[in-house]
Amino acid sequence: MTGNKENEMHNEESEKKFAFPMAAVVRLMREELDSDKIIRRRVKEEMNLWLEKICRKVTRVMNQSEYTVVEIDDFRTAIEPYELIDDVEQERKRIIATLEKIKQDCDSLIRDVNRKFITYSDITKDKN
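Residue numbers (this note's numbering): 62 to 189.
See the structure below:
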């Protein structure tokens, strides 16, 4: 019985240092993870701290508004960099695919040039 009280006190103390209720954060994580995954306590804590950090960053950007009331437009402007992350990743993949295609075209052109044009060194090699 004493152990339960100590655990409850420890849980209350650890909850106080986080900006968000740990249960809500863990519930969201579990919704996105495979059911066989186990989340370590340290991961749960770091996720909560990271969410707090992002919340603070977004709020600081909203605070730059010249008005006394923070509007939804201020919020959308503040979260825009985070919303664009998926777009940036898609653009990165598109650019890499294009560069790979260019690389294949270059390799093909090199093979064509080597096949169609005989150099002087190639002729001398054949004579020896």
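Where a beta carbon is used, it is the ideal one built from N, C-alpha and C, also for glycine.
Fair warning: this is a prediction, and the values are worked out from it, not measured in the lab.
Verify whether the separation of the beta carbon atoms of residue i and residue j is less than 8 Å.
{"i": "valine 131", "j": "methionine 108", "result": "no"}
{"i": "phenylalanine 81", "j": "glutamate 113", "result": "yes"}
{"i": "isoleucine 100", "j": "methionine 90", "result": "yes"}
Would you give the residue range spanned by the alpha helix (DSSP H) that residue i belongs to?
{"i": "arginine 101", "result": "No alpha helix (DSSP H) holds arginine 101; DSSP gives it neither H nor E."}
Is residue i helix, strand or coil when you go by DSSP?
{"i": "lysine 78", "result": "coil"}
{"i": "leucine 94", "result": "coil"}
{"i": "isoleucine 179", "result": "coil"}
- Could you pull out every unbroken beta strand (DSSP E) segment of at least 3 residues lying fully inside the region 122-160, listed in chain order? none
- Task: Evaluate contact between the region 116-128 and the region 83-102, counting only Cβ atoms and requiring at least three cross-stretch pairs below 8 Å.
- Result: no
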